[in-house]
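Peer 1:
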Amino acid sequence: MLNTSLEPMIYQNFDTSVGYAPSSALNTREHFFKYMSATTAKIVLNNGTLRWSRSTMLNDPFDMNFELPLNPDVARIKQEAERICWQQFVNSIEPPESTLKHAFAEIRRLPREHQESAFKKRLPAAIDAWVGNMQKSLPQMHKDAKPIIKNLKILSLTVRPDIPTMWSHYADSYRGVVLRFRNGDKNSPFFMAKPVDYLEELPNLFSDQELIDHVTAKSLLSSRMAVDKIIYTKSAHWSYEQEWRISLGSGREKASEFEDRFFALHELDGVIFGLGTPPQDKKLIALLASKHTPIKMMQLKRKSDRFGLYIEEV
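Going by the numbering used here, the sequence shown opens with residue 3, and the numbers climb by one from there.
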């Protein structure tokens, strides 16, 4: 429907979804946003690239640069795992990938009246030994992981274009812009973006539930789970950013601190100018962005009746 009124269109629904996300997608969002200075925006638009960076180039010294502890609630793990695994045992439904299948087989060879007591003796002892061995190997695990983590490159995005502190910190104190990127088709890399988890304290390498799921073979532990926890965890101090990240490994230029990767023409569909973006920058940025069609030009504005920002379509 056409807007026939004289009132400007307000852009405020930032969380629209698409229906064509592939089965491998980690989100179904239509849009993500990237804050930047006007100077950077001209480079991005002229080259058609976005910069993917190692953690050493990020502005948080703790970003992807910490060692996760492993201090599980072993009593809870034993209780839950024993309940689930005993049901698997008595009903003969233990999953084929279960790490306990050999122990189950040994216990089944015992007289039936001794099986439950043997099971409830062996499982807690096995969990104690397993957790203890993981804790002992933790320093070596961190040592082995550091060179892998160090080489990973990420693209940082956000899901809101109206965050005052983001405009101040990343868009040259409101003189820059926000570029709006779209999951334009099922092959878009933006479908691989995941939200950052903001926490007051470092999380455990594996949560209690993840350890329970491993023992019960609901979902086995993997090194990818640990790596993802490092990539997608930040201190709660940074929660205002509402950051989402894409991590696609060490990239094509594995030895480089960063690499600039092309985005498709149809993946950029909006430019939001800041409160103080100079007119000459607006003109050039609009010209450079015009090759991305269709594209919307928008203007950030201040609310007059309270602290806050809103966005008008130009």
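Positions of the beta carbon are idealized from the N, C-alpha and C atoms, including for glycine.
Which two residues bound the contiguous alpha helix (DSSP H) that contains Thr271?
Peer 2: According to the sequence shown, residue 271 is Asp rather than Thr. Counting along the chain, Asp271 falls outside any alpha helix (DSSP H), though it belongs to the beta strand (DSSP E) covering 270–275.
Peer 1: Using a Cβ-Cβ cutoff of less than 8 Å, which residues in the same chain neighbour Arg314 once the five nearest sequence positions on both sides are dropped?
Peer 2: It is Glu, not Arg, that sits at residue 314 in the sequence shown. Pro10, Met11, Ile12, Tyr13, Met300, Gln301, Lys303, listed in sequence order.
Peer 1: Counting Cβ pairs, one atom from each stretch, are 3 or more of them under 8 Å apart for the segment 237–250 and the segment 107–116?
Peer 2: Cβ pair count under 8 Å is below three, so no.
Peer 1: Does the segment 151–166 come close enough to the segment 54–69 to have 3 or more Cβ pairs within less than 8 Å?
Peer 2: The answer is yes - the segment 54–69 touches the segment 151–166, with three or more Cβ pairs under 8 Å.
Peer 1: Are the CB atoms of Ile326 and Ile79 nearer to each other than 8 Å?
Peer 2: This structure cannot settle anything about residue 326, because the visible part of the chain is limited to 3 through 316.
Peer 1: If Thr218 and Ile86 are in contact, beta carbons under 8 Å, what's the gap, nearest whole angstrom?
Peer 2: Contact flag correct, Cβ pair sits at about 4 Å.
Peer 1: How would you write the range of the beta strand (DSSP E) that Asp199 sits in, first residue to last?
Peer 2: Looking at the DSSP string, the run of the beta strand (DSSP E) that includes Asp199 is 199–201.
Peer 1: Could you pull out every residue in the same chain whose Cβ sits closer than 8 Å to the Cβ of Ile232, ignoring the five residues on either side in sequence?
Peer 2: So the list reads Met66, Phe68, Leu70, Ala147, Ile151, once near-sequence residues are dropped.
Peer 1: Let me know if Arg184 comes out buried or exposed under the rule of 16 or more other beta-carbons within 10 Å of its beta-carbon.
Peer 2: So Arg184 ends up on the buried side.
Peer 1: Which whole runs of the alpha helix (DSSP H) in the segment 118–196 are 4 residues long or more, in chain order?
Peer 2: DSSP runs (the alpha helix (DSSP H)) wholly in the segment 118–196: 166–172.
Peer 1: Which residue wins for smallest C-alpha separation from Leu204, given the options Leu223, Asn189, His239, Arg182?
Peer 2: When only C-alpha atoms are compared, the closest one is His239.
Peer 1: Please state whether DSSP places Val316 in a helix, a strand or coil.
Peer 2: Residue state, collapsed to three classes: coil.
Peer 1: With distances taken Cα to Cα, identify the nearest neighbour of Pro141 among Thr51, Leu277, Phe16, Leu207.
Peer 2: Closest by alpha carbon: Leu207.
Peer 1: For my contact list, Leu181 and Val273 are in at a C-beta cut-off of 8 Å; report their separation, rounded to the angstrom.
Peer 2: Right, the Cβ-Cβ distance comes to about 6 Å (below 8 Å), so this counts as a contact.
Peer 1: Do you know offhand how far Pro281's Cα is from Ala43's?
Peer 2: Whole-angstrom Cα-Cα distance: 14 Å.
Peer 1: Comparing alpha-carbon positions, which option in Ser170, Pro126, Met143, Thr295 lies nearest Ser224?
Peer 2: The shortest Cα separation from Ser224 among Ser170, Pro126, Met143, Thr295 belongs to Met143.
Peer 1: Could you check where the beta strand (DSSP E) with His33 kicks off and where it finishes?
Peer 2: Taken as a continuous stretch (DSSP letters only), the beta strand (DSSP E) holding His33 covers 33–38.
Peer 1: Quick one: what's got a C-beta closer than 7 Å to Arg308's C-beta in the same chain, skipping five residues either side?
Peer 2: Contacts found: none.
Peer 1: Tell me the rounded alpha-carbon separation between Met3 and Thr30.
Peer 2: Residue confidence for Met3 is low, a pLDDT of 46 falling below 50, so the modelled location carries little weight and cannot support an answer.
Peer 1: Roughly how many angstroms lie between the CA atoms of Ala120 and Lys138, to the nearest whole one?
Peer 2: Cα to Cα, the separation comes out at about 27 Å.
Peer 1: Name the DSSP beta bridge partners of Lys298, please?
Peer 2: Partner(s): Gly272.
Peer 1: Pick helix, strand or coil for Leu70, following the three-state DSSP scheme.
Peer 2: Coil.
Peer 1: Roughly how many angstroms lie between the CA atoms of Glu99 and Leu222, to the nearest whole one?
Peer 2: One C-alpha to the other measures close to 8 Å.
Peer 1: Per DSSP, what kind of secondary structure is Glu261 in: helix, strand or coil?
Peer 2: It is a strand residue.
Peer 1: Starting from Leu52, trace the beta strand (DSSP E) in both directions and tell me its first and last residue.
Peer 2: Counting along the chain, the beta strand (DSSP E) containing Leu52 begins and ends at 51–55.
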